[in-house]
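Some notes on the structure that comes next.
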Amino acid sequence: MSGVVMHAEDVHKSFGRLHVLKGVSLEMTKGETVCIIGPSGSGKTTFIRCINHLEKMDSGRIEVNGHLIGYRQRGDKLVEDREKNIARQRTEIGMVFQRFNLFPHKTALENVIEAPVHVLRTPKEQAIGLGKALLERVGLADKFDTYPGKLSGGQQQRVAIARALAMGPALMLFDEATSALDPEVIGEVLSVMEELARAGTTMIVVTHEMGFARKVASRVVMMDDGQIIEEGPPEHFFEEPEHERTKQFLSKIL
Amino acid sequence: MHGLVAVDLHVIWQQVFHPDSVFFRTLWATVYISIIAQTAGVLLGLLAALARVSRFAPLRWISGVYVWVFRGTPVLVQIFYVYFAFSWPTLHFGFWTVPDAAIAGIVALSINEGAYMREIIRAGIDSVDKGQMEAAKSVGMTYGLAMRRIILPQAARVIVPPLGNEFNNMMKTTSLVYTIGVFEMFAFAEQNYSQFFIADYFLAIAVWYLLLTTVWTFIQAYIERRLSVSERGEELSFRERVQAAWNPMTSWARGGGG
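Going down the list, the sequences are from chains H and D.
Per my numbering, the first sequence starts with residue 1, numbered consecutively.
Per my numbering, the second sequence starts with residue 1, numbered consecutively.
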């Protein structure tokens, strides 16, 4: 088991009559960067939202760092866990949203230190030191006291990345982190993500940026119609995809 | 009695510029009843709003029945029922005495106000983007912590303008507790009228009510300005806030627009 950070097994999810995830299984080891690609509606976003239990799966099991997420084992059944426990499990999983979701009533630095101070109970001085270091890391050393409303989309997203990192998560989830950005600022966010990947962060990146997937991913996963239909290292994946749907998808997007 | 409309300037002059201590006691009664009833109403409204958005269905039902009953019946009926159906103590705080009728009045007004505040607070909570709760949860916050630290502070910007209007109304609605024997500003005017048959006592207290609501308008403008400091970029000047406060509809729209 050593080195396994995330383990998902046969995850199913329906919204009403729409069967969005039809048995998704994925395992990740420490330091891996997995890029999930696929047409919209294929279930990529729903899948990573299940990983931190923002979406409640219908069946299957997901473990992060050896902890079952969102559920408790009772006999051979899984029952939903208590809210407090779910909240604690989420501290191990960082999430970056398509629309940033920064706290607009807090400055960049306050956004980053909010959870360390109020969830982890890190002393404030120490949290501020950590927060400043993280904002420097994402290239925002001059924006500590700026409110999100005065930051560009790219800057907001980098604050959001720093906010997620501040919890020291074992796994980072990126949900189409650059899809809502103006083209000229996509690069600054991608380069921060690339730096994270190179530094050994374990991360799952749902993306339409094939250039990024090709360059940074240790593994590319193709989802279609609620299932993983193909996966492999990027060289193999982009040069000679095996599955017909993957070929079609890549030919459209590249 | 006056045949034609004639304003007795002497009475107005006297009451507005040289009020006696009896009058001041009634003015104070109006002020403290308004403030306590509004504060309690906000707290009740907050509890009811949290119950309304709770995942626990019985809490939602209780909250619904509460609003249904207290918005659907006259506040005067509520005041009478609360006063006559229960016995209330008279409280003494040093030289300040709060009679039982005033306590009953405060209780009735608070409960009534809570029903209106629930709607305002719920609308405020609903106005906060759903992504905020998700982001808060994703960094490990529980629902309660996220509400307190992330959702409610943002909802406050939307809640404060209509809350100000509620308080403005409250200061005027307190005059109803005169009917259960609270000696407040309206009771003062009514008593003097019965004695001297000079209607201008009513005009004089109208001036005082106007003064109270005007002072409040400025306080409200100040609070709203403080709250908007971290707003997305744009900031309204104090003058614009005051203007907005004069017009409930624009101040509501402004708060809601962010």
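Glycine is no exception: its CB is placed at the ideal position from the N, C-alpha and C atoms.
Just so it is clear, the structure is predicted and the values come from calculations on it, not from any experiment.
For D/H10, the enclosing alpha helix (DSSP H) stretches over residues L9 to F17. Per DSSP, the continuous beta strand (DSSP E) segment holding H/M223 begins and ends at R219 to D224. For H/S42, the three-state secondary structure derived from DSSP is coil. Around the C-beta of D/Y178, 16 or more other C-beta atoms lie within 10 Å, and the residue is accordingly described as buried. Along the segment 41 to 59 of chain H, going in chain order, the ones with a CB nearer than 7 Å to a CB of chain D are N52 and L54. Residue state for H/M167 is assigned as coil, using DSSP reduced to three classes. Residue range L18 to T29 is occupied by the beta strand (DSSP E) that includes H/H19.
Interface criterion not met: the Cβ of H/L135 is under 9 Å from no Cβ in chain D. In this structure, the beta-carbon distance from D/W88 to D/I103 falls below 9 Å.
H/M167 belongs to the set of residues whose beta carbon lies under 9 Å from a beta carbon in chain D. Look at H/K13: its C-beta is not under 9 Å from any C-beta on chain D.
For D/I150, the residues of chain H that pass the 9 Å Cβ criterion are F103, H105, K106 and E114, in the order they occur in the chain. At a beta-carbon threshold of 9 Å, the residues of chain D lying near H/V119 are V139, G140, M141, T142 and L145, ordered along the chain. No Cβ of chain D is located within less than 9 Å of the beta carbon of H/R158. About 20 Å separates the beta carbon of H/V185 from that of H/C35, a gap too long to meet the 8 Å contact definition.
With contact defined as three or more Cβ pairs closer than 8 Å, the segment 129 to 146 of chain H and the segment 157 to 177 of chain D are not in contact.
Secondary structure of D/W216 (DSSP, three-state): helix. Here H/E136 carries a helix assignment [DSSP, helix/strand/coil].
In this structure H/V189 touches H/G154 by the C-beta definition: roughly 5 Å separates them, less than 8 Å.
Taking 7 Å as the upper bound on Cβ-Cβ separation, chain D lies near residues R90, T91, M95, F97, R99 and N101 of the segment 90 to 101 of chain H. For the segment 58 to 91 of chain H, the beta-carbon criterion of a distance under 7 Å to any beta-carbon of chain D is satisfied by E83, K84, A87, R88, R90 and T91. The residues G70, Y71 and R72, in chain order, have a CB closer than 7 Å to that of H/D81 in the same chain once the five nearest residues on each side in sequence are set aside. Inside the segment 91 to 163 of chain H, DSSP marks whole beta strand (DSSP E) runs of 3 or more residues at positions 93 to 96, from first to last along the chain. Leaving aside the five residues that flank H/K13 on each side, the residues in its chain whose CB is nearer than 7 Å to its CB run, in chain order, V20, L21, T46, C50, E55, M57 and D58.
Ranked by Cα distance from D/Y209, the first of D/Q191, D/T173 and D/N192 is D/T173.
In the assembly as shown, D/A57 is an exposed residue. Its beta-carbon has fewer than 16 other beta-carbons within 10 Å.
If one requires a minimum length of 4 residues, the alpha helix (DSSP H) runs lying completely within the segment 62 to 103 of chain D are 75 to 85, in chain order. What D/G124 touches in chain H, judged by beta-carbon distance under 8 Å, is nothing: the nearest beta carbon there is about 13 Å away.
The continuous alpha helix (DSSP H) containing D/V42 extends over residues S21 to R52. The C-beta of H/A8 comes no closer than 9 Å to any C-beta of chain D. Using a Cβ distance threshold of 9 Å, H/L173 and H/V206 count as a contacting pair. In summary, D/A101 is buried, with 16 or more beta-carbon neighbours lying within 10 Å of its beta-carbon over all protein chains present.
Chain order gives the chain H residues near D/P153 as H105, where near means a beta carbon separation below 8 Å. Taking CB atoms only, H/A127 has no neighbour in chain D less than 9 Å away. In this structure H/L196 does not touch H/V64 by the C-beta definition: roughly 17 Å separates them, more than the 8 Å allowed. CA-CA distance, H/I253 to D/I121, rounds to 46 Å.
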